[in-house]
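Novice: Quick note on numbering: the sequence shown equals residues 5 to 235 in my numbering. A virtual CB, placed ideally from N, CA and C, is assigned to each residue, including glycine.
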Amino acid sequence: MLLEDALDRLKAFQNTLVNDICSQLKLQIGDPLCDAANDAVSDVLIAQLYTTLFDLFRERTRDKDLKTNSRIAAIAPMVQPAMLGIKRQFWLIADSEAPQDIGEAATAAYQPAITALQAIPTAKTAAAKVRCLVEAMTAVPACVERFHTGQAATSAASTTIAVGAEELVPIFTFVLLKSRLRNPNAEAAFMSEFMSEQMCIDEEGYSLATFLTCVDFVDQLTCEDLEGKRP
(Lines of atoms letter the chains of each structure in order from A and count residues from 1; the text may use other names and numbers.)
(Lines give C-alpha, C1' and ligand atoms only; values in the text may rest on other atoms or scores of the structure.)
Protein backbone atom coordinates (compact mmCIF):
# COMPACT_ATOMS: atom_id res chain seq x y z
CA MET A 1 0.00 0.00 0.00
CA LEU A 2 2.94 2.35 0.64
CA LEU A 3 3.99 2.24 -3.02
CA GLU A 4 0.43 2.68 -4.31
CA ASP A 5 -0.08 5.69 -2.02
CA ALA A 6 3.21 7.23 -3.14
CA LEU A 7 2.30 6.73 -6.80
CA ASP A 8 -1.16 8.25 -6.32
CA ARG A 9 0.33 11.32 -4.63
CA LEU A 10 3.07 11.67 -7.24
CA LYS A 11 0.63 11.43 -10.16
CA ALA A 12 -1.78 13.90 -8.54
CA PHE A 13 1.04 16.41 -8.05
CA GLN A 14 2.30 15.81 -11.59
CA ASN A 15 -1.17 16.33 -13.08
CA THR A 16 -1.63 19.58 -11.16
CA LEU A 17 1.78 20.84 -12.26
CA VAL A 18 1.27 19.89 -15.92
CA ASN A 19 -2.22 21.44 -15.97
CA ASP A 20 -0.78 24.68 -14.58
CA ILE A 21 1.99 24.70 -17.19
CA CYS A 22 -0.45 24.01 -20.02
CA SER A 23 -2.80 26.68 -18.70
CA GLN A 24 -0.01 29.28 -18.56
CA LEU A 25 0.97 28.40 -22.13
CA LYS A 26 -2.69 28.35 -23.21
CA LEU A 27 -2.45 24.72 -24.34
CA GLN A 28 -5.33 22.28 -24.40
CA ILE A 29 -5.04 18.86 -22.74
CA GLY A 30 -4.19 16.45 -25.55
CA ASP A 31 -2.07 18.99 -27.40
CA PRO A 32 1.28 17.39 -28.39
CA LEU A 33 3.15 20.13 -26.52
CA CYS A 34 1.10 19.40 -23.42
CA ASP A 35 1.94 15.69 -23.73
CA ALA A 36 5.62 16.59 -24.10
CA ALA A 37 5.39 18.75 -20.97
CA ASN A 38 3.83 15.85 -19.09
CA ASP A 39 6.67 13.50 -20.11
CA ALA A 40 9.31 16.09 -19.20
CA VAL A 41 7.78 16.80 -15.79
CA SER A 42 7.47 13.08 -15.12
CA ASP A 43 11.14 12.50 -15.90
CA VAL A 44 12.28 15.38 -13.68
CA LEU A 45 10.14 14.30 -10.72
CA ILE A 46 11.06 10.62 -11.00
CA ALA A 47 14.78 11.36 -11.32
CA GLN A 48 14.67 13.41 -8.12
CA LEU A 49 12.72 10.75 -6.21
CA TYR A 50 14.37 7.76 -7.88
CA THR A 51 16.14 6.18 -4.91
CA THR A 52 13.04 6.20 -2.71
CA LEU A 53 10.70 5.09 -5.50
CA PHE A 54 12.90 2.26 -6.72
CA ASP A 55 13.33 0.97 -3.17
CA LEU A 56 9.54 0.68 -2.99
CA PHE A 57 9.38 -1.20 -6.29
CA ARG A 58 12.18 -3.49 -5.13
CA GLU A 59 10.24 -4.25 -1.96
CA ARG A 60 7.12 -5.03 -3.98
CA THR A 61 8.94 -7.56 -6.17
CA ARG A 62 11.31 -8.82 -3.45
CA ASP A 63 10.14 -12.44 -3.42
CA LYS A 64 10.14 -12.75 -7.21
CA ASP A 65 13.56 -11.14 -7.52
CA LEU A 66 15.07 -13.32 -4.81
CA LYS A 67 14.21 -16.29 -7.00
CA THR A 68 15.30 -14.66 -10.26
CA ASN A 69 18.54 -13.26 -8.83
CA SER A 70 19.39 -16.69 -7.44
CA ARG A 71 18.73 -18.38 -10.79
CA ILE A 72 20.83 -15.86 -12.68
CA ALA A 73 23.74 -16.16 -10.24
CA ALA A 74 23.71 -19.97 -10.46
CA ILE A 75 23.17 -20.31 -14.22
CA ALA A 76 25.20 -17.43 -15.68
CA PRO A 77 28.66 -18.99 -15.18
CA MET A 78 27.80 -22.30 -16.87
CA VAL A 79 25.19 -21.48 -19.52
CA GLN A 80 25.95 -22.05 -23.19
CA PRO A 81 23.76 -21.07 -26.16
CA ALA A 82 22.73 -24.65 -27.02
CA MET A 83 21.33 -25.12 -23.51
CA LEU A 84 18.71 -22.45 -24.22
CA GLY A 85 17.73 -23.88 -27.60
CA ILE A 86 19.62 -21.23 -29.57
CA LYS A 87 20.27 -22.35 -33.14
CA ARG A 88 23.87 -23.01 -34.17
CA GLN A 89 24.14 -19.98 -36.49
CA PHE A 90 23.34 -17.70 -33.55
CA TRP A 91 26.06 -19.03 -31.25
CA LEU A 92 28.42 -16.65 -33.07
CA ILE A 93 31.46 -18.89 -32.70
CA ALA A 94 34.02 -20.10 -35.21
CA ASP A 95 33.82 -23.72 -36.35
CA SER A 96 37.22 -24.32 -34.77
CA GLU A 97 36.05 -23.21 -31.31
CA ALA A 98 36.61 -25.84 -28.61
CA PRO A 99 33.40 -27.01 -26.84
CA GLN A 100 34.57 -25.69 -23.47
CA ASP A 101 35.03 -22.21 -24.97
CA ILE A 102 31.60 -21.89 -26.61
CA GLY A 103 29.98 -19.97 -23.75
CA GLU A 104 32.92 -17.58 -23.44
CA ALA A 105 33.09 -16.95 -27.20
CA ALA A 106 29.33 -16.34 -27.47
CA THR A 107 29.48 -13.96 -24.50
CA ALA A 108 32.20 -11.93 -26.22
CA ALA A 109 30.21 -11.83 -29.46
CA TYR A 110 27.08 -10.52 -27.72
CA GLN A 111 28.98 -8.15 -25.40
CA PRO A 112 27.45 -4.93 -26.85
CA ALA A 113 23.97 -6.20 -25.93
CA ILE A 114 25.17 -7.37 -22.51
CA THR A 115 26.81 -4.01 -21.77
CA ALA A 116 23.66 -2.09 -22.74
CA LEU A 117 21.55 -4.24 -20.42
CA GLN A 118 24.00 -3.74 -17.56
CA ALA A 119 23.41 0.01 -17.80
CA ILE A 120 19.74 -0.24 -16.78
CA PRO A 121 20.32 0.07 -12.99
CA THR A 122 22.31 3.30 -13.49
CA ALA A 123 19.40 5.01 -15.29
CA LYS A 124 17.06 7.02 -13.06
CA THR A 125 13.96 7.40 -15.23
CA ALA A 126 11.76 4.91 -17.02
CA ALA A 127 12.61 6.53 -20.36
CA ALA A 128 16.34 6.17 -19.76
CA LYS A 129 15.99 2.56 -18.58
CA VAL A 130 13.88 1.66 -21.60
CA ARG A 131 16.44 3.26 -23.91
CA CYS A 132 19.06 0.91 -22.43
CA LEU A 133 16.69 -2.00 -23.01
CA VAL A 134 16.00 -1.02 -26.62
CA GLU A 135 19.73 -0.57 -27.22
CA ALA A 136 20.39 -4.06 -25.86
CA MET A 137 17.59 -5.55 -27.94
CA THR A 138 18.70 -3.91 -31.20
CA ALA A 139 22.31 -4.86 -30.51
CA VAL A 140 21.44 -8.56 -30.87
CA PRO A 141 20.79 -8.56 -34.65
CA ALA A 142 23.71 -6.15 -35.07
CA CYS A 143 26.01 -8.64 -33.33
CA VAL A 144 24.71 -11.45 -35.54
CA GLU A 145 25.24 -9.41 -38.70
CA ARG A 146 28.73 -8.32 -37.62
CA PHE A 147 29.83 -11.89 -36.91
CA HIS A 148 28.49 -13.42 -40.12
CA THR A 149 29.79 -10.54 -42.23
CA GLY A 150 33.22 -11.26 -40.81
CA GLN A 151 32.84 -14.96 -41.50
CA ALA A 152 31.77 -14.30 -45.08
CA ALA A 153 34.93 -12.30 -45.68
CA THR A 154 36.89 -15.56 -45.56
CA SER A 155 34.31 -17.83 -47.22
CA ALA A 156 31.52 -17.92 -49.79
CA ALA A 157 28.80 -18.21 -47.12
CA SER A 158 25.78 -15.91 -47.19
CA THR A 159 25.61 -13.17 -44.55
CA THR A 160 21.82 -12.75 -44.63
CA ILE A 161 20.71 -14.27 -41.33
CA ALA A 162 17.65 -12.68 -39.76
CA VAL A 163 16.87 -12.76 -36.05
CA GLY A 164 13.15 -13.45 -35.77
CA ALA A 165 10.98 -13.35 -32.65
CA GLU A 166 11.43 -17.09 -32.18
CA GLU A 167 15.21 -16.70 -32.07
CA LEU A 168 15.26 -13.41 -30.14
CA VAL A 169 13.80 -14.76 -26.88
CA PRO A 170 16.41 -17.47 -26.21
CA ILE A 171 19.25 -15.22 -27.43
CA PHE A 172 18.14 -12.34 -25.23
CA THR A 173 17.73 -14.75 -22.32
CA PHE A 174 21.39 -15.65 -22.82
CA VAL A 175 22.24 -11.93 -22.85
CA LEU A 176 20.20 -11.38 -19.67
CA LEU A 177 21.95 -14.25 -17.89
CA LYS A 178 25.41 -13.07 -18.92
CA SER A 179 24.63 -9.49 -17.88
CA ARG A 180 23.89 -10.74 -14.35
CA LEU A 181 21.30 -7.97 -14.08
CA ARG A 182 19.94 -7.84 -10.54
CA ASN A 183 16.28 -7.28 -9.62
CA PRO A 184 14.95 -7.54 -13.20
CA ASN A 185 11.34 -7.77 -11.95
CA ALA A 186 11.68 -4.47 -10.08
CA GLU A 187 13.34 -2.87 -13.11
CA ALA A 188 10.52 -4.06 -15.38
CA ALA A 189 7.81 -2.91 -12.96
CA PHE A 190 9.42 0.53 -12.70
CA MET A 191 9.63 0.88 -16.48
CA SER A 192 6.07 -0.32 -16.96
CA GLU A 193 4.70 2.12 -14.38
CA PHE A 194 6.38 5.24 -15.74
CA MET A 195 6.64 4.64 -19.49
CA SER A 196 4.72 7.12 -21.60
CA GLU A 197 1.66 5.92 -23.50
CA GLN A 198 3.52 6.39 -26.78
CA MET A 199 6.40 4.23 -25.58
CA CYS A 200 3.99 1.45 -24.67
CA ILE A 201 2.86 1.07 -28.28
CA ASP A 202 6.27 1.65 -29.90
CA GLU A 203 9.45 -0.45 -29.90
CA GLU A 204 9.95 0.35 -26.21
CA GLY A 205 6.78 -1.55 -25.34
CA TYR A 206 7.79 -4.50 -27.50
CA SER A 207 11.25 -4.54 -25.93
CA LEU A 208 9.82 -4.53 -22.41
CA ALA A 209 7.38 -7.35 -23.27
CA THR A 210 10.25 -9.41 -24.68
CA PHE A 211 12.36 -8.68 -21.61
CA LEU A 212 9.58 -9.91 -19.31
CA THR A 213 9.25 -13.09 -21.39
CA CYS A 214 12.98 -13.70 -20.94
CA VAL A 215 12.76 -13.12 -17.17
CA ASP A 216 9.96 -15.70 -16.99
CA PHE A 217 12.10 -18.07 -19.06
CA VAL A 218 14.97 -17.69 -16.58
CA ASP A 219 12.66 -18.49 -13.67
CA GLN A 220 11.84 -21.85 -15.28
CA LEU A 221 15.47 -22.90 -15.77
CA THR A 222 17.48 -25.19 -13.51
CA CYS A 223 21.17 -26.04 -13.59
CA GLU A 224 20.32 -29.75 -13.69
CA ASP A 225 18.15 -29.44 -16.80
CA LEU A 226 20.72 -27.23 -18.54
CA GLU A 227 23.58 -29.63 -17.84
CA GLY A 228 21.67 -32.29 -19.72
CA LYS A 229 21.67 -30.05 -22.79
CA ARG A 230 25.40 -29.30 -22.76
CA PRO A 231 26.87 -29.73 -26.29
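#1: Going by C-alpha to C-alpha distance, which of Leu216, Asn189, Glu149, Met195 sits closest to Phe176?
#2: Compare the C-alpha of Ile97 against each of Phe151, Phe17, Asp206, Arg184 and name the closest.
#3: Measuring CB atoms only, is the stretch 64 to 75 touching the stretch 186 to 193, in the sense that at least three cross pairs come out at less than 8 Å?
#4: Distance, Cα to Cα, Glu228 vs Ser74?
#5: Run through DSSP, which three-state label would Gly232 get?
#6: Of all the options Lys133, Gly154, Glu149, Pro174, which has the alpha carbon lying nearest to the alpha carbon of Ala166?
#7: Count the other CB atoms within 10 Å of the CB of Lys71; is the residue buried (16 or more) or exposed (fewer)?
#8: State yes or no: is the C-beta of Leu49 within less than 8 Å of the C-beta of Leu11?
#9: Quick one: using the 10 Å Cβ neighbour count with 16 as the cut-off for buried, is Gln84 buried or exposed?
#10: Taking the C-alpha atoms as reference points, what is the distance between Tyr114 and Cys26?
#11: If you follow the alpha helix (DSSP H) that Ser183 is part of, which residue opens it and which one closes it?
#12: Taking the C-alpha atoms as reference points, what is the distance between Glu208 and Leu7?
#13: Would you check if the distance between the CB atom of Ile143 and the CB atom of Ala169 is smaller than 8 Å?
#14: Just confirm the distance between the C-beta atoms of Leu181 and Ile79, as a whole number of angstroms; I'd bet it's less than 8 Å.
#15: Helix or strand or just coil, what does DSSP make of Gly209?
#16: For Lys233, which residues from the same chain have a beta carbon less than 7 Å from its beta carbon, with the 5 sequence-adjacent residues on both sides left out?
#17: Please report the distance separating the alpha-carbon of Thr126 from that of Ala51.
#18: Does the distance from the CB of Ala123 to the CB of Phe194 come in under 8 Å?
#19: Pull up the distance between the alpha-carbon of Asp223 and that of Ala132, whole angstroms please.
#20: If you drop the 5 nearest sequence neighbours on each side, which residues of the same chain put their C-beta closer than 6 Å to that of Ala77?
Specialist: In short:
#1: For the purposes of this step, residue 176 is taken as the residue at position 172 of the sequence shown. Nearest C-alpha to Phe176: Leu216.
#2: Position 93 of the sequence shown, counted from the first residue, corresponds to residue 97. If we check each option's Cα against that of Ile97, Phe151 comes out closest.
#3: yes
#4: As a first step, residue 228 is located in the sequence shown; it is residue number 224 there, counting from the start. As a first step, residue 74 is located in the sequence shown; it is residue number 70 there, counting from the start. Taking the straight line from one Cα to the other gives about 15 Å.
#5: By one-based count along the sequence shown, residue 232 stands at place 228. If DSSP states are grouped into helix, strand and coil, Gly232 belongs with coil.
#6: Mapped onto the sequence shown, residue 166 falls at position 162. Answer by Cα proximity: Glu149.
#7: For this step, residue 71 is matched to residue 67 along the sequence shown. Exposed, by the Cβ-count rule.
#8: One-based indexing of the sequence shown puts residue 49 at position 45. One-based indexing of the sequence shown puts residue 11 at position 7. No.
#9: For the purposes of this step, residue 84 is taken as residue 80 along the sequence shown, with counting starting at 1. Buried: at least 16 other Cβ atoms inside 10 Å.
#10: Along the sequence shown, one-based indexing puts residue 114 at 110. Along the sequence shown, one-based indexing puts residue 26 at 22. If I take the Cα positions, the gap works out to 45 Å.
#11: Within the sequence shown, the letter at position 179 stands for residue 183. Counting along the chain, the alpha helix (DSSP H) containing Ser183 begins and ends at 169 to 183.
#12: If you number the sequence shown from 1, residue 208 lands on position 204. If you number the sequence shown from 1, residue 7 lands on position 3. Rounded to whole angstroms, Glu208 to Leu7 spans 24 Å at the Cα level.
#13: For the purposes of this step, residue 143 is taken as the residue at position 139 of the sequence shown. For the purposes of this step, residue 169 is taken as the residue at position 165 of the sequence shown. Here residue 143 turns out to be Ala, not Ile, going by the sequence shown. No; because the gap between Cβ atoms is not below 8 Å, this pair is not in contact.
#14: Taking the first residue of the sequence shown as position 1, residue 181 is located at position 177. Taking the first residue of the sequence shown as position 1, residue 79 is located at position 75. Between Ile79 and Leu181 the Cβ distance is about 6 Å, and since that is below 8 Å, they are a contact.
#15: Residue mapping note: residue 209 aligns to position 205 of the sequence shown, counting from 1. Correct three-state label for Gly209: helix.
#16: By one-based count along the sequence shown, residue 233 stands at place 229. Contacts found: Ala86, Met87.
#17: Along the sequence shown, one-based indexing puts residue 126 at 122. Along the sequence shown, one-based indexing puts residue 51 at 47. Using only the alpha carbons, I get a separation of about 11 Å.
#18: Taking the first residue of the sequence shown as position 1, residue 123 is located at position 119. Taking the first residue of the sequence shown as position 1, residue 194 is located at position 190. In this structure, Phe194 does not lie closer than 8 Å to Ala123 by Cβ.
#19: Residue mapping note: residue 223 aligns to position 219 of the sequence shown, counting from 1. Residue mapping note: residue 132 aligns to position 128 of the sequence shown, counting from 1. Going from the Cα of Asp223 to the Cα of Ala132 covers about 26 Å.
#20: The sequence position of residue 77 within the sequence shown is 73, counting from 1. Hits under 6 Å: none found.
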